[in-house]
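Going from the sequence shown to the working numbering is simple: count from 1 and add 30.
A virtual CB, placed ideally from N, CA and C, is assigned to each residue, including glycine.
The structure appears right after this line, and notes come after that.
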Amino acid sequence: MIEETKITELIVRNAVDDFLNNLDVDVVVAGGGPAGLTTARYLAKAKKKVVLFERKLSIGGGMWGGGMMFPRVVLQKGGKEILEECDVKCKKSGGLWVADSIECVTKMTAKAIDEGVKIFNLVSIEDVIIRNNEDNKNNKNRKNKTKICGVVINWTAVQMANLHVDPLSVKSKFVVDATGHEASISHLVVKKVGNLNTKTGDVLGERSMWAEKGESDIMGNTGEVYPGLFVSGMAANAVYGSERMGAIFGGMLMSGKKVSELILKKI
Ligand code: 48F
């Protein structure tokens, strides 16, 4: 006999157990686009405890839609190898490769989950947790005296309905801003601590389309922008005011991989 209340109990108990098991993790990844999925997958592969929060119902960010809803993405060398690790088929054309955007998102997500990434969708990160930076206690530079060590979350539905419902929190050693063009976590940090550890200290916002430049800048922009906070993918270009690049995705994937390597060196 299938009892409705049994279904309810199974859903609630299992979901709550998962949530409780992920209150204190190595890394929180904000955003489930190509950069966030890649960062999270590599960290989980290295046996780190990783939780990814995605505010939308679906994972994949801007990858689903390919270019102007033609469901294909273009990759250059470096990016296509990362996709192939997820068993995505990449077709060579000229010096570039093309892949099906739906195949990319589904297989990247499946691979990340298989490596151990815990994904929570429909959850928005609305703030960060800031504590004294014990590594830098005696540093004269004010901005290095604190560190990002977790996130404040709420149901996206609560935000959308503009309800006054208090959020909950998750602690982590590092937070990765992989929120794409918005760089929403970096914005939050600037708002709360005054500035990032970048030259300008601010989120400059992305510049207009220039695929070659955007893709070449992204690796240099990828990194730790405040103690405990890393930027990955389009968020990195948005922080540094670099160009957008449209439906070429190699930079997103390579940036995601680079952040995982930088974190693994520090963790
Ligand atoms: O936008 P998105 O795909 O960022 P990305 O991984 O890749 C960029 C490309 O898709 C494309 C491009 C390629 O050249 O330029 O645009 O850097 O994924 C970002 C994800 O973060 C989620 C958002 O819904 C999206 O799925 N997100 C944004 N803000 C928050 C968030 C937040 N505050 N909390 C949780 N998720």
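Supposed contact pair residue j and residue i - C-beta distance, whole angstroms, cut 8 Å
{"i": "S216", "j": "I159", "result": "About 15 Å; that fails the 8 Å criterion."}
{"i": "L152", "j": "L87", "result": "6 Å"}
{"i": "A129", "j": "K119", "result": "7 Å"}
{"i": "G210", "j": "G97", "result": "So it is not a contact: roughly 16 Å between Cβ atoms."}
{"i": "K78", "j": "D56", "result": "4 Å"}
{"i": "V58", "j": "V205", "result": "5 Å"}
{"i": "E253", "j": "L294", "result": "Residue 253 is actually Gly in this sequence, not Glu. At roughly 13 Å, the Cβ-Cβ gap does not stay under 8 Å, so G253 and L294 are not in contact."}
{"i": "I297", "j": "K203", "result": "6 Å"}
beta-carbon residue i near the ligand 48F non-hydrogen atom, thresh 6 Å
{"i": "P64", "result": "yes"}
{"i": "S214", "result": "yes"}
{"i": "R85", "result": "yes"}
{"i": "A60", "result": "yes"}
{"i": "G263", "result": "yes"}
{"i": "T209", "result": "yes"}
{"i": "S154", "result": "yes"}
{"i": "M284", "result": "no"}
{"i": "M138", "result": "no"}
{"i": "S253", "result": "The sequence as given places Gly at residue 253; Ser does not occur at that position. Not under cutoff, so the answer is no."}
{"i": "M31", "result": "no"}
{"i": "M93", "result": "yes"}
{"i": "M275", "result": "yes"}
7 Å Cβ cutoff, residue i in contact with chain B
{"i": "L283", "result": "The displayed structure is made up of one protein chain only, and chain B is not part of it."}
Rounded separation between residue i and residue j - CA only
{"i": "A191", "j": "A60", "result": "21 Å"}
{"i": "G109", "j": "V182", "result": "32 Å"}
{"i": "D247", "j": "K229", "result": "15 Å"}
{"i": "E298", "j": "F150", "result": "The requested residue 298 is not part of the displayed model; the chain covers only 31 to 297."}
{"i": "C134", "j": "M93", "result": "8 Å"}
{"i": "L105", "j": "L218", "result": "31 Å"}
{"i": "G250", "j": "G224", "result": "23 Å"}
{"i": "V289", "j": "G258", "result": "12 Å"}
{"i": "A266", "j": "G231", "result": "13 Å"}
{"i": "D117", "j": "T139", "result": "12 Å"}
{"i": "S131", "j": "V42", "result": "33 Å"}
{"i": "S272", "j": "G280", "result": "16 Å"}
{"i": "G63", "j": "L82", "result": "10 Å"}
{"i": "T38", "j": "A45", "result": "11 Å"}
{"i": "G180", "j": "E115", "result": "30 Å"}
{"i": "S238", "j": "E245", "result": "13 Å"}
{"i": "K222", "j": "E156", "result": "12 Å"}
{"i": "K177", "j": "M31", "result": "53 Å"}
{"i": "L40", "j": "T186", "result": "23 Å"}
{"i": "V255", "j": "G235", "result": "15 Å"}
Which residues DSSP lists as bridging residue i, in chain order
{"i": "T230", "result": "The partner list for T230 (beta bridge, DSSP) is empty, contrary to what the question assumes."}
{"i": "F260", "result": "V206 and E254"}
{"i": "E84", "result": "N151"}
{"i": "R237", "result": "E273"}
{"i": "F279", "result": "Answer by DSSP bridge pairing: none, since F279 is not bridged."}
{"i": "T176", "result": "N162"}
{"i": "I183", "result": "I155 and L198"}
{"i": "F100", "result": "G97"}
{"i": "S123", "result": "L126"}
Cβ-based neighbour list, residue i, same chain, cut-off 8 Å, excluding 5 preceding and 5 following
{"i": "K287", "result": "T68, T69, Y72 and I112"}
{"i": "V233", "result": "A213, S216, H217, V220, L226, A268 and V269"}
{"i": "F49", "result": "F150"}
{"i": "K141", "result": "R71, E115, C116 and D117"}
{"i": "R102", "result": "G96, V128, A129, D130, S131 and A277"}
Close-in-space but distant-in-sequence residues of the same chain around residue i (CB under 6 Å, 5 per side omitted)
{"i": "A65", "result": "A208, S262, G263, M282, S285 and G286"}
{"i": "K243", "result": "E273"}
{"i": "N52", "result": "V81 and K148"}
{"i": "W240", "result": "E273"}
{"i": "I89", "result": "G62 and T139"}
{"i": "G146", "result": "A74"}
Heavy atom of the ligand ADP within 6 Å of residue i beta-carbon
{"i": "V289", "result": "Ligands in the displayed structure: the ligand 48F; the ligand ADP is not one of them."}
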